[in-house]
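Worksheet for the structure shown next.
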Amino acid sequence: MSWLAHTSITSVRQFDRSDLDAIFTLADTMREHPQTYQDLAHGKLLATLFYEPSTRTRLSFEAAMARLGGRIISTENAAEMSSAVKGETLADTIRIVSGYTDVIALRHFDAGASDVAAEASSVPVINAGDGAGEHPTQALLDAYTIRDQRGRMDELTLTFVGDLAYGRTVHSLSILLTNFPNVTVHYVAPDLLQAPSWLVTFLKTRGVHVLTDDRLDARVLESTDILYVTRIQKERFPSGVRHEDTSYRVDASVLHALSPHAYIMHPLPRVQELPAEVDRDPRAIYFLQARLGMWIRMALLARALTLA
Ligand code: NCD
């Protein structure tokens, strides 16, 4: 079913090709003519309810709402500072917050939390990351960045490297790519952190060519259009698993083997896997990627509030 039949955004599975085209076109227009949209959400209130740390996602949602002329209330540390500490359920918290506001952006540590919230809410809920589940707005901004830089989403070879088991941005972007023809996905990670089998199966049944490997080999890098690097999500590891066993890094040999026409992306925050030296490489587009997220979130807020 098309996203236009929903208002909450819990998974990228809600979006079909025409929804994506509509969102990207709206984000383009907002970026080109921001003044036209500066009062669109006047009188509307966004709640950002975050149970996990965030810099980009929360602040870009808030910047997006402010640029649409709306207002914001925010709990940036809901795990410790909300009634969750007293034992309130997420559903009850959402019932209360949705009574005060027009739209809620929720980040939570449990996969599936945004479905629980959307069910309990009387206003649209936007999933801003649910545990190791999904991060649909990140996938939309990732795809928007690829389209912006490459001009197209089809005929794409994308290599994911890093934590593909617990990285929710990897899950959401992978699912989103199934909307486009002739896509190849390389999953490069140690066994412990490989992409979940449900994801590999889902992509294959949707016609995506999937390859898995445990190291970044020069042949893979040569054919890669987008190198999507991710952080080890050590906070999501089951106890007993050592993240020291999983280190990797975009080093000079990776940059050398990567095609001159490729782009390097990362949802950020980066740690040791993407050294600051890479920032000077013209193929590095991760700061642009973060910036473009604000326009995508403006488009999504406008759609969720049925203002555009
Ligand atoms: C990501 C997340 O929270 O899943 N960050 C983001 O939203 N840009 C990636 C991460 O934390 O590694």
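Residue numbering for the sequence shown follows numbering that gives the first Met the number 0, beginning at 0 and increasing consecutively.
Ideal Cβ placement from N, Cα and C applies to all residues, glycine included.
Proximal residues to residue i (C-beta, below 8 angstroms), its chain only, five neighbours per side dropped
{"i": "histidine 208", "result": "Val182, Thr183, Val184"}
{"i": "serine 53", "result": "Glu75, Arg106, Ala127, Gly128"}
{"i": "leucine 45", "result": "Phe60, Glu61, Met64, Gly69, Arg70, Ile71, Ile72, Thr100, Asp101, Val102, Ile103, Ala104, Leu300"}
{"i": "alanine 119", "result": "Leu89, Ala90, Asp91, Ile93, Arg94, Ser97"}
{"i": "methionine 80", "result": "Thr74"}
Check: residue i C-beta below 8 angstroms from any heavy atom of the ligand NCD
{"i": "histidine 134", "result": "yes"}
{"i": "serine 26", "result": "The sequence shown places alanine at residue 26, rather than the serine named in the question. No."}
{"i": "proline 266", "result": "yes"}
{"i": "glycine 128", "result": "yes"}
{"i": "serine 10", "result": "no"}
{"i": "serine 53", "result": "yes"}
{"i": "glutamine 271", "result": "no"}
{"i": "glycine 166", "result": "yes"}
{"i": "alanine 63", "result": "no"}
Straight-line Cα distance separating residue j from residue i
{"i": "serine 113", "j": "isoleucine 125", "result": "7 angstroms"}
{"i": "serine 258", "j": "methionine 64", "result": "38 angstroms"}
{"i": "proline 266", "j": "tyrosine 285", "result": "7 angstroms"}
{"i": "serine 222", "j": "arginine 151", "result": "17 angstroms"}
{"i": "glutamate 31", "j": "alanine 289", "result": "17 angstroms"}
{"i": "alanine 194", "j": "threonine 156", "result": "16 angstroms"}
{"i": "lysine 43", "j": "arginine 205", "result": "39 angstroms"}
{"i": "threonine 158", "j": "valine 228", "result": "8 angstroms"}
{"i": "arginine 279", "j": "arginine 55", "result": "21 angstroms"}
Close Cβ partners of residue i (< 7 angstroms) along its chain, the five nearest in sequence each way excluded
{"i": "valine 11", "result": "Glu133, Pro135, Ala138, Ser171, Ile174, Leu175"}
{"i": "proline 33", "result": "Arg66"}
{"i": "arginine 296", "result": "Ser59, Phe60, Ala63, Thr136"}
Residues near residue i in its chain [Cβ-Cβ closer than 6 angstroms; skip 5 each side]
{"i": "aspartate 213", "result": "Pro189"}
{"i": "threonine 168", "result": "His134, Gln137, Pro266"}
{"i": "threonine 6", "result": "Pro123, Ala303"}
Residue i classed as buried or exposed, judged by whether at least 16 other C-beta atoms fall within 10 angstroms
{"i": "proline 281", "result": "exposed"}
{"i": "isoleucine 263", "result": "buried"}
{"i": "glutamine 271", "result": "exposed"}
{"i": "glutamate 276", "result": "exposed"}
{"i": "alanine 217", "result": "exposed"}
{"i": "tryptophan 197", "result": "exposed"}
{"i": "alanine 396", "result": "With the chain covering only 0 through 307, there is no way to say anything about residue 396."}
{"i": "aspartate 38", "result": "exposed"}
{"i": "leucine 210", "result": "exposed"}
{"i": "glycine 86", "result": "exposed"}
{"i": "aspartate 153", "result": "exposed"}
Contact with chain D by residue i, beta-carbon distance below 9 angstroms
{"i": "glutamine 271", "result": "Here chain D cannot be found, since the structure has a single protein chain."}
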